[in-house]
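Peer 1:
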Amino acid sequence: MCCWSILPFTRLTILFDIPTPATYNPRRLPNLPCIDGPPMSAEASSPCCAASRPSGTAVGNAEPLEVARPNRRQTRGMALLPGGRFIMGSGDGHGHPDDGEGPAREVIVRPFYIDTCAVTNQSFRRFIQATGYVTDAERYGWSFVFRGFVRQELAATAISSPVETPWWLAIAGSDWQHPEGPGSSIRRRMDHPAVHISWNDAAAYCQWSGKRLPTEAEWEFAARGGLEERTYPWGDELTPDGQHRCNIWQGSFPTRNDKEDGFDGTCPVRAFPPNGFGLFNMTGNVWEWCGDWFSATYARSGMVDNPRGPDLGPARSMRGGSYLCHESYCNRYRVAARSSNTPDSSTGNLGFRCVMDT
Ligand SMILES: [Ca+2]
Ligand SMILES: [Ca+2]
Ligand SMILES: [Cu+2]
Numbered sequence: 001m002c003c004w005s006i007l008p009f010t011r012l013t014i015l016f017d018i019p020t021p022a023t024y025n026p027r028r029l030p031n032l033p034c035i036d037g038p039p040m041s042a043e044a045s046s047p048c049c050a051a052s053r054p055s056g057t058a059v060g061n062a063e064p065l066e067v068a069r070p071n072r073r074q075t076r077g078m079a080l081l082p083g084g085r086f087i088m089g090s091g092d093g094h095g096h097p098d099d100g101e102g103p104a105r106e107v108i109v110r111p112f113y114i115d116t117c118a119v120t121n122q123s124f125r126r127f128i129q130a131t132g133y134v135t136d137a138e139r140y141g142w143s144f145v146f147r148g149f150v151r152q153e154l155a156a157t158a159i160s161s162p163v164e165t166p167w168w169l170a171i172a173g174s175d176w177q178h179p180e181g182p183g184s185s186i187r188r189r190m191d192h193p194a195v196h197i198s199w200n201d202a203a204a205y206c207q208w209s210g211k212r213l214p215t216e217a218e219w220e221f222a223a224r225g226g227l228e229e230r231t232y233p234w235g236d237e238l239t240p241d242g243q244h245r246c247n248i249w250q251g252s253f254p255t256r257n258d259k260e261d262g263f264d265g266t267c268p269v270r271a272f273p274p275n276g277f278g279l280f281n282m283t284g285n286v287w288e289w290c291g292d293w294f295s296a297t298y299a300r301s302g303m304v305d306n307p308r309g310p311d312l313g314p315a316r317s318m319r320g321g322s323y324l325c326h327e328s329y330c331n332r333y334r335v336a337a338r339s340s341n342t343p344d345s346s347t348g349n350l351g352f353r354c355v356m357d358t
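Counting from 1, one number per residue, gives the positions in the sequence shown under the numbering used here.
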């Protein structure tokens with residue numbers, strides 16, 4: 001059993017030595033078209049769902065942290081899942097072949113606790129207040145914001161925009177507290193998921209809270225909510241009886257969001273009914289980081305027992321899709337869908353939830 005209170009403090013400071021691109025030199029993810037474009041590369045998942053920072057722009061490690069350690073295991077707000085065998089992935093042809101969702105295969109996971117909701121602004125603020133942690137978006141001084149949320153004057157000042165995914169703007173001063181850049185605020189969104197969270201940030205939060213990021217296998221086991229080989233956490237129909245069950249994009253991406261599900265951006269983490277395990281918004285709302293390095297070929301590796309992803313990679317896995325996902329361009333709001341981003345990248349639709357060993 002893992003016991004947070006016996007971890008020596010010296011080890012904590014090492015764990016908070018945040019890796020940057022300069023230290024592990026990732027391969028640059030290609031910027032590839034998502035709409036009406038040529039087929040995507042087999043080497044990495046398309047970055048259309050969440051833009052990546054250019055490599056080689058590291059700004060140095062964060063200062064060592066004063067870490068306030070919880071003195072007991074915090075299972076509040078978590079569900080205990082039984083683990084076991086399940087069919088992971090999908091071979092149904094609905095996903096991008098290059099995402100490596102398939103083949104559908106039997107996988108075993110151990111019992112684990114998982115947050116019923118994505119980590120909220122409220123919770124993330126508690127972490128920041130306790131540790132003084134500085135997020136990657138703050139260290140770089142910018143993050144990616146969806147163009148539709150940016151005032152025209154501010155859009156004109158954008159640092160850059162990926163050529164093939166022009167709906168992302170690199171906006172100076174955007175971070176978890178300023179999701180749409182300077183002048184925006186999370187004041188009325190404390191129960192929304194924290195966004196502009198890099199993998200490094202999420203890992204630091206996990207460390208502080210005595211938790212960890214889920215493996216992709218754990219995430220998918222959780223997302224399926226006890227159902228077998230279904231497309232969504234609630235079944236095979238996207239809108240059963242005409243009811244929206246998750247926060248994605250309706251209308252015509254990226255120009256017109258009809259908001260038929262009630263939200264154009266993030267929604268509160270408890271919006272929409274939970275799945276069979278009592279977990280909210282596993283698909284839609286925000287992408288959720290997983291602990292694994294991403295590989296498009298790992299699903300074919302034959303790993304059955306508690307797969308944890310490859311040993312290294314250019315990018316970390318993320319799951320579940322976001323409020324920007326639409327059938328016409330990514331269709332990644334299915335439980336088997338996956339994508340990736342580099343560990344220091346942050347966008348306005350990328351957050352996380354934590355798990356804990358039993
Ligand atoms: Ca929506
Ligand atoms: Ca989600
Ligand atoms: Cu998407």
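A virtual CB, placed ideally from N, CA and C, is assigned to each residue, including glycine.
Quick check on A156: buried or exposed, where buried means 16 or more other Cβ atoms within 10 Å of its Cβ?
Peer 2: As a position in the sequence shown, residue 156 is number 156, starting the count at 1. By the neighbour-count rule (16 or more Cβ atoms within 10 Å), A156 is not buried but exposed.
Peer 1: Ligand 2 heavy atoms versus the CB of T231: any closer than 8 Å?
Peer 2: Translated into the one-based positions of the sequence shown, residue 231 becomes position 231. Result no, Cβ not under 8 Å from ligand 2.
Peer 1: I'd like to know whether the C-beta atoms of W168 and R147 end up nearer to each other than 9 Å.
Peer 2: Position 168 of the sequence shown, counted from the start, is the residue given in the question as residue 168. Position 147 of the sequence shown, counted from the start, is the residue given in the question as residue 147. Contact: yes.
Peer 1: Taking DSSP as the reference, what is the three-state secondary structure of S317?
Peer 2: Taking the first residue of the sequence shown as position 1, residue 317 is located at position 317. Three-state DSSP puts S317 in a strand.
Peer 1: Cα separation between Y140 and D201?
Peer 2: Counted from its first residue, the sequence shown places residue 140 at position 140. Counted from its first residue, the sequence shown places residue 201 at position 201. Rounded to the nearest angstrom, the two C-alpha atoms are 13 Å apart.
Peer 1: Check whether the region 106-121 and the region 226-234 are in contact - that is, three or more C-beta pairs closer than 8 Å.
Peer 2: No, they do not touch.
Peer 1: In its own chain, which residues sit with a C-beta less than 8 Å from the C-beta of W142, not counting the 5 before and 5 after it?
Peer 2: Counting from one through the sequence shown, the residue named residue 142 turns up at place 142. Excluding positions up to five away in sequence, the list reads I159, A170, I171, A172, G173 and S174.
Peer 1: For I248, tell me which candidate among A299, D305, L324 and A315 has the shortest Cα-Cα distance.
Peer 2: In the sequence shown, the residue the question calls residue 248 occupies position 248. Selected option, being the one with the closest Cα: L324.
Peer 1: Within the present structure, is the beta-carbon of C371 separated from the nearest heavy atom of ligand 3 by less than 8 Å?
Peer 2: Nothing can be reported for residue 371: it is not among the residues displayed for the chain, which extend from 1 to 358.
Peer 1: Report yes if the C-beta distance between G313 and F294 is below 9 Å; otherwise report no.
Peer 2: Here residue 313 refers to the residue found at position 313 of the sequence shown. Here residue 294 refers to the residue found at position 294 of the sequence shown. Yes, the pair counts as a contact, with Cβ atoms nearer than the cut-off.
Peer 1: What three-state label does DSSP hand F153 in the structure shown?
Peer 2: By 1-based counting over the sequence shown, the position of residue 153 is 153. Note that residue 153 is Glu in the sequence shown, not Phe. Reduced to three states, the DSSP call for E153 is helix.
Peer 1: Let's test the definition: count the other Cβ atoms within 10 Å of the Cβ of V107 and tell me whether it reaches 16, buried, or not, exposed.
Peer 2: Counting from one through the sequence shown, the residue named residue 107 turns up at place 107. Looking at its Cβ environment, which holds 16 or more other Cβ atoms inside 10 Å, V107 is buried.
Peer 1: Closer than 8 Å is the cut-off here; do at least three beta carbon pairs connect the region 80-99 with the region 205-213?
Peer 2: Contact between the region 80-99 and the region 205-213 is absent, because fewer than three Cβ pairs lie under 8 Å.
Peer 1: So, does the region 118-132 touch the region 85-96, judging by three or more C-beta pairs under 8 Å?
Peer 2: Contact between the region 118-132 and the region 85-96 is absent, because fewer than three Cβ pairs lie under 8 Å.
Peer 1: Please specify which runs of the beta strand (DSSP E), each continuous and at least 3 residues long, are wholly inside the region 213-298, giving them in chain order.
Peer 2: Listed in chain order, the complete beta strand (DSSP E) runs (minimum 3 residues) inside the region 213-298 are 287-293.
Peer 1: Name the one or two DSSP bridge partners that F352 has.
Peer 2: Within the sequence shown, the letter at position 352 stands for residue 352. Beta-bridge pairing links F352 to no other residue.
Peer 1: Using 9 Å as the threshold, is the C-beta distance between A203 and S346 below it?
Peer 2: Here the question's residue 203 lines up with position 203 in the sequence shown. Here the question's residue 346 lines up with position 346 in the sequence shown. Cβ distance not < 9 Å, so A203 and S346 don't count as in contact.
Peer 1: Looking only at C-alpha atoms, which of D191, M318, Y329 and S328 sits nearest to I336?
Peer 2: Numbered from 1 along the sequence shown, position 336 holds the residue referred to as residue 336. The residue asked about is misnamed: residue 336 is Ala in this sequence, not Ile. The shortest C-alpha separation from A336 is found at M318.
Peer 1: Give the straight-line distance between the Cα atoms of D36 and G132, rounded to the nearest whole angstrom.
Peer 2: For this step, residue 36 is matched to residue 36 along the sequence shown. For this step, residue 132 is matched to residue 132 along the sequence shown. Low confidence applies to D36: its pLDDT is 29, below 50, so where it sits in the model is not reliable, and the reading given next is rough at best. Going from the Cα of D36 to the Cα of G132 covers about 44 Å.
Peer 1: Find out if the Cβ-Cβ distance for the pair T266, P179 is shorter than 9 Å.
Peer 2: Locating residue 266 in the sequence shown gives position 266, counting from the first residue. Locating residue 179 in the sequence shown gives position 179, counting from the first residue. Their beta carbons are under 9 Å apart, which means T266 touches P179 by this criterion.
Peer 1: Taking only three categories from DSSP, how would you classify W167?
Peer 2: Within the sequence shown, numbered from 1, the residue matching residue 167 stands at position 167. Three-state result, W167: coil.
Peer 1: From N281 to G181, what distance separates their C-alpha atoms?
Peer 2: Against the sequence shown, residue 281 aligns to sequence position 281. Against the sequence shown, residue 181 aligns to sequence position 181. Computed Cα separation, rounded: 25 Å.
Peer 1: Per DSSP, what kind of secondary structure is R334 in: helix, strand or coil?
Peer 2: Here residue 334 refers to the residue found at position 334 of the sequence shown. Residue state, collapsed to three classes: coil.
Peer 1: Give the straight-line distance between the Cα atoms of G276 and R53, rounded to the nearest whole angstrom.
Peer 2: Translated into the one-based positions of the sequence shown, residue 276 becomes position 276. Translated into the one-based positions of the sequence shown, residue 53 becomes position 53. Using only the alpha carbons, I get a separation of about 36 Å.
Peer 1: Measure the Cβ-Cβ separation of R245 and D191 and say whether it is below 9 Å.
Peer 2: Locating residue 245 in the sequence shown gives position 245, counting from the first residue. Locating residue 191 in the sequence shown gives position 191, counting from the first residue. Going by C-beta atoms, R245 is not nearer than 9 Å to D191.
Peer 1: Nearest to P162 by alpha carbon, out of E153, R151 and F144?
Peer 2: To locate residue 162, count along the sequence shown from 1; it is residue 162. Considering only alpha carbons, the answer is F144.
Peer 1: Determine the extent of the beta strand (DSSP E) in which Y329 is found, giving its start and end residues.
Peer 2: For the purposes of this step, residue 329 is identified with residue 329 of the sequence shown, where counting begins at 1. Premise fails: Y329 is in no beta strand (DSSP E) and is neither H nor E.
Peer 1: Beta carbon of G320: closer than 8 Å to some heavy atom of ligand 2?
Peer 2: Translated into positions along the sequence shown, residue 320 becomes position 320. Yes, since a heavy atom of ligand 2 falls inside the 8 Å radius drawn around the Cβ of G320.
Peer 1: Taking only the alpha-carbon atoms, compute the straight-line gap between V360 and Y329 and give it to the nearest angstrom.
Peer 2: The question about residue 360 has no answer, for the chain in this structure spans 1 to 358.
Peer 1: Buried or exposed: where does Q152 fall if 16 or more other Cβ atoms within 10 Å of its Cβ makes it buried?
Peer 2: Here residue 152 corresponds to residue number 152 of the sequence shown, with the count starting at 1. So Q152 ends up on the exposed side.
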